[in-house]
Amino acid sequence: MRQVIKFKIKRFDPMGAEGNAPYWQAYNVKLDHGMTVLEALLKIEKNDDPTLSFRRSCRSAICGSCAIMINGTSKLACHTQIAPEFEKHGEMVIGPLDNYQVLKDMIVDFTPFWMKMERVKPYLVPKKEPKGGWVITNEDTKVIDASQKCIMCGSCNGACNSQEIDEGYIGPSASAKAWRFVGDIREGDKRLRLDRISQEHGIWDCVRCVSCTEVCPKDVAPMTAIEKLREEALAEGLDDNPGAKHALALVDSVKRVGRLDEATMTFKTLGFLRSLGMIPFGLKMQMHGKMPHPILFPAIGKLDEVRGIYKARERQRKNERKKKG
Amino acid sequence: MVIHDVIVIGAGLAGMRAAVELAEAGLDVAIVTKVHPIRSHSVAAQGGINAAMNKADSWKDHMYDTAKGSDFLGDQDAIEVLCKEAPENIKELERMGAIFNRDDKGNIAQRAFGGAGYARTCYLADRTGHSMLHIIFEQVIARGICRYNEWHVVEVIVEDGVARGVIAIELLTGKLHRLHAKAVLLATGGYGRVFSASTNALSSTGDGMSLALRAGAPLMDMEFVQFHPTTLKRTGILMTEGARGEGGYLINANGDRFMHKYAPNKLELASRDVVSRAEQEEIDAGFGDDGCVFLDLRHLGEKKISEKLPQIRDLAIKFEGVDPVKDPIPVKPGAHYSMGGIMTDIDGKTPIKGLFAAGESACLSVHGANRLGGNSLLEAVVFGRRVGRGVAKFAKTAKLYPFPEDALKNAAHGIALLMNREVGESASKIVDGVRKAMQKHCGIYRDKKSLEEGLAKVRQLAAKLDEIALVDTGDIFNTEMINVLELGHIVEISEAMLLGALNREESRGSHSRSDFPTRDDENWLKHTLVYLEDGKFRVDYKGVSITRFQPEERKY
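Chains as they are written, first to last, in my numbering: chain A, 1 to 325; chain B, 1001 to 1556.
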């Protein structure tokens, strides 16, 4: 006897009898050996309910069409085997990707996704080609290879915590694309790209929750791309924005007192005038006894050891630079 | 009504490459695609793209290998263009941003591929098509080319022998739209999904070919379908030829390599038709395991597999539960590539004024009776570019002919008829029937009796098309309706294939007739043409261009 598994599918049809609200529908699927979630959806479409809508194409994890929520995580339907998934969760709950507007059933509006992609100018703007053409080594490729693997399935944006609170946030997928060009030895607009993506809604808005990297089906590791973009932006001296200032203030604070000096961080990140806007927030904190003392801030003991780490890192950097020539 | 200079249907490598060329020429070009461009099936090409880049290699050698691979049915004037222009196209792709794997000296690395006398396949790991499709899409974005994503073309409008544009359905709203243009370029890919087991995407239903056929253009060499030797046992997912190019073996159920019996010189790297037949013979002789042989990569070691074939490893683990580092992968031959397609000349022109075709949906023909691995991406870029330039030249001087008044009304009527039928046949049952019939009767080995049976079955199922009733009558993303539209294409293409196969009484390349086991140049060194006239198919023939290489016995 083959196992029968119940699929609970979140449905939505703006023109349907259920009105403009999502609803749940259950389907029983007889499991074949090795069956994927996409195969189950195709089976439901064929045998039970042809009104079920979902995107599909290559069914081999390269076209990026079929990203959906499976038991609360964004995944490619074609790349997810049912048996282990069911064993882990004890149920199969299927729905459209989070963080996107649902159009019908599992079909979501990808327009904002593509617009973000276009915001990072997703094509090479080449420098002048050296005589005899570019010589690219496998090492050069390695720097951007993870970003190049992106299939634009949108899973990462669906899992992104910053995206959830800020629709305008550039998002992990477009950031990975940006790194693909910033890290390319042939790219001519590196600084301009870094400047643009350092602004509000850009790379500094990432909260580094690692969700994007966790859900990515192709090991693109978008968060690593964001970190590299941040490093490159600072190396280019692009620090005149709240995100970079915040990061630098943190580095500075730890170097100075061995820990986070929150009051100073606010001033260094926002500047004097904008910090004044934080006064009501500060008063609230004061009322709850959470306000750090604005002037007296005790440094930790053994500050020398912390500074030693800084010195070691500085030496390391110098060596790296020497190696690079 | 929307007016553009040129409408490109399909956003795979060939379609978008052509669109880039058209935009470069200053024309207003729009792409209509039933999926988002980067979901197109070019994305799934794994192994690589051929070009004679090395001094020890030459375009003439590449041309010879291609002509021989085609079993001398390929048109050599077109093959010459393909091979001559290959290296500059690779360099052009690289300037656009493409990255290829490199050798130790920093030159573009090349791997060995089936049927080739030289290692001339450029690659990026085992996701070359993915890289190239994304690169060309980037160029489309860079030029701000207009895109109608998730629009399904229902008809190419031709009146008085001139293409006028298309009618397409917008999946988001279910609305029909008229797109009026001076020229229409079909680049819709292959027809692998006429079979029940295929490496192709679910969307590879040969739409463009059937649209062209209905518009009055002939299809050519439709009986030639490539069966790829290494597709996964359960799902039919592709395992690249690059796996054998990197040194992988084929073994039977006893663990023995067997290719020396069938291709003593090239072994696993004989051309695909030869290797697929060899596998089938092993399986039929009882040396298979549950209908499969094995692709053995174990001796390559984990490092090489992870570096050169990472996707293959992931797919084998995820879809077959086999880690190629530890165990051989069960594989079988599966439908993979459509050598046949819309008949065009060397510039992509069909006999209909203003109607062009490129890529897998076209038949120039560069692949003849069997395509070599690494030549399909190459055809898409070389002829995408060339045909794009040709269409640009045409559109710059062409007149915009009026769009027929009643075309939209007629198309809407057809859709309404389907949507409003209360009781009728189930589309999924019909499509299953057609696919099973094609799998059984039009597979690797064919004969008269079986082909006739297949044709009868397909015709019987085709008669039910006008009786299909839908369950889903909604407007928004009605995927059931799209499935029915695709079924219409599948049925027509199947009939064209069966007719071509039934008539061709010889064995050549991928077309193996058990009742006519040898190649017959005297009678069959010619292309099959299939026309659709007043609802009836008509078969005709045309000669092959033979310029440099006379047909000779084909051995590997």
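Virtual Cβ for every residue (Gly too), placed ideally from N, Cα, C. Given the structure is predicted, the values throughout are model-derived calculations rather than measurements.
Residue j beta carbon less than 7 Å from that of residue i
i, j, result
"Ala1358/B", "Phe1383/B", "yes"
"Ser1338/B", "Gly1190/B", "yes"
"Lys228/A", "Ile170/A", "no"
"Arg1272/B", "Gln1311/B", "no"
"Asp1571/B", "Pro50/A", "Because chain B in this structure spans residues 1001 to 1556, residue 1571/B falls outside the shown range and cannot be described."
"Gly158/A", "Asn99/A", "yes"
"Phe1516/B", "Ser1510/B", "no"
"Pro172/A", "Cys160/A", "yes"
"Met92/A", "Phe7/A", "yes"
"His1489/B", "Thr1205/B", "yes"
"Leu1529/B", "Leu1498/B", "no"
"Leu38/A", "Cys78/A", "yes"
Contact set between residue i and chain B, taken where Cβ atoms lie within less than 9 Å
i, result
"Met92/A", "Those do not exist, as Met92/A stays about 18 Å from chain B at its closest Cβ, beyond 9 Å."
"Pro14/A", "Ile1476"
"Ser147/A", "Neighbours of Ser147/A on chain B: none; closest Cβ ~11 Å, over 9 Å."
Same chain, Cβ closer than 7 Å to residue i, five either side skipped, listed in chain order
i, result
"His89/A", "Asn71"
"Lys1233/B", "Cys1292, Glu1320, Pro1330, Val1331, Lys1332"
"Gly1543/B", "Lys1526"
"Asp1065/B", "Gly1115, Ala1116, Gly1117, Leu1372"
"Glu1021/B", "Arg1385, Gly1388, Arg1389, Ala1392"
"Gly1424/B", "Glu1467, Ile1468, Ala1469"
"Val220/A", "Ala146, Ser147, Lys149, Cys150, Ala176"
"Leu1267/B", "Met1259, His1260"
Residue range of the alpha helix (DSSP H) that includes residue i
i, result
"Lys128/A", "It is not in any alpha helix (DSSP H) - Lys128/A carries neither H nor E in the DSSP assignment."
"Glu1085/B", "1076-1096"
"Asn1503/B", "1479-1503"
N- and C-terminal bounds of the beta strand (DSSP E) containing residue i
i, result
"Val1544/B", "Segment: none, Val1544/B is in no beta strand (DSSP E) and carries neither H nor E."
"Val1331/B", "1329-1338"
"Met35/A", "Note, Met35/A: premise wrong, no beta strand (DSSP E); not H, not E."
"Arg11/A", "4-11"
"Pro1229/B", "1225-1232"
"Lys104/A", "102-104"
"Ala1052/B", "From DSSP, Ala1052/B is part of no beta strand (DSSP E); its letter is neither H nor E."
"Tyr1123/B", "Where Tyr1123/B is concerned, there is no enclosing beta strand (DSSP E), given that its DSSP letter is neither H nor E."
"Met1343/B", "1341-1343"
Cutoff 6 Å; reference residue i; Cβ partners in own chain excluding five residues on either side
i, result
"Ala1462/B", "Val1491"
"Val1275/B", "Pro1229"
"Ile1546/B", "Gln1076"
"Val306/A", "Gly258"
Residues that residue i contacts on chain A, provided the C-beta gap is smaller than 8 Å
i, result
"Ser1338/B", "Within chain A, no residue comes near Ser1338/B; the closest Cβ sits about 16 Å away, beyond 8 Å."
"Glu1138/B", "Pro122, Tyr123, Leu124"
"Arg1234/B", "His33, Gly34"
"Ser1131/B", "Gln148"
"Leu962/B", "There is simply no residue 962/B to check, as chain B begins at 1001 and stops at 1556 in what is shown."
"Lys1318/B", "Ala61, His79, Gln81"
"Gly1424/B", "Near Gly1424/B there are no residues of chain A at all, since even the closest Cβ is about 13 Å away, more than 8 Å."
Residue i: contacting residues in chain A (beta-carbon distance under 7 Å)
i, result
"Ser1203/B", "Ser57"
"Leu1309/B", "Correct list: empty, because the minimum Cβ distance to chain A is about 14 Å."
"Ile1557/B", "Any answer about residue 1557/B is impossible in this case: the structure gives chain B only from 1001 up to 1556."
"Ile1169/B", "None at all; the shortest Cβ gap to chain A is about 15 Å."
"Ile1237/B", "Ser60"
Interface partners of residue i on chain A, CB under 9 Å
i, result
"Ser1428/B", "Glu45, Lys46, Asn47, Pro50"
Any non-hydrogen atom of the ligand ZN closer than 6 Å to residue i Cβ
i, result
"Ala1285/B", "Among the ligands in the structure shown, none appear at all, so the ligand ZN cannot be discussed."
Chain-ordered neighbours of residue i on chain B, where CB pairs are closer than 8 Å
i, result
"Asn138/A", "Asn1101, Arg1102"
"Met115/A", "Under the 8 Å cutoff, chain B gives no residues; its nearest Cβ is about 11 Å from Met115/A."
Chain B contact residues for residue i, given Cβ-Cβ distances below 7 Å
i, result
"Ile5/A", "Correct list: empty, because the minimum Cβ distance to chain B is about 18 Å."
"Lys104/A", "Ile1476, Phe1477"
"Ser53/A", "Phe1477, Thr1479"
Other residues of its chain near residue i: CB distance less than 8 Å, five sequence neighbours each side excluded
i, result
"Gly1433/B", "Lys1457, Leu1461"
Discussion item. To be precise: take each residue of the region 1477-1496 of chain B, compare its Cβ to all Cβ atoms of chain A, and keep it if any distance is under 7 Å. Which residues remain?
Written reply: The residues in question are Phe1477, Thr1479, Glu1480.
Worksheet item: Using a Cβ cut-off of 8 Å, which residues of the region 1077-1104 of chain B contact any Cβ in chain A, in chain order?
Response: Within the region 1077-1104 of chain B, the qualifying residues are Lys1091, Glu1094, Arg1095, Met1096, Gly1097, Ile1099, Asn1101, Arg1102.
Worksheet item: Of all the residues that make up the region 250-271 of chain A, which are near chain B by a beta-carbon distance shorter than 8 Å?
Response: Per Cβ criterion, the list is empty.
Worksheet item: When you check each C-beta in the region 1017-1044 of chain B against every C-beta of chain A, which residues fall closer than 9 Å?
Response: With the criterion set as a beta carbon lying under 9 Å from some beta carbon of chain A, the members of the region 1017-1044 of chain B are Val1035, His1036, Ile1038, Arg1039, Ser1040, His1041, Val1043, Ala1044, in sequence order.
Worksheet item: Quick one, which residues of the region 63-77 of chain A are near chain B if we go by CB-CB under 8 Å, in chain order?
Response: Flagged, chain order: Cys63, Gly64, Ser65.
Fill in: Selection of the region 1061-1076 of chain B by Cβ proximity to chain A, strictly under 8 Å
For the region 1061-1076 of chain B, which is checked against every Cβ of chain A, not one residue is closer than 8 Å.
Fill in: Near-chain A residues of the region 1151-1180 of chain B (beta-carbon distance less than 9 Å), N- to C-terminal order
So the list reads Leu1171, Leu1172, given in the order they occur along the chain.
Discussion item. Give me the subset of the region 274-303 of chain A whose CB atoms are less than 7 Å from a CB atom of chain B, sorted by chain position.
Written reply: Cβ contacts with chain B: none found.
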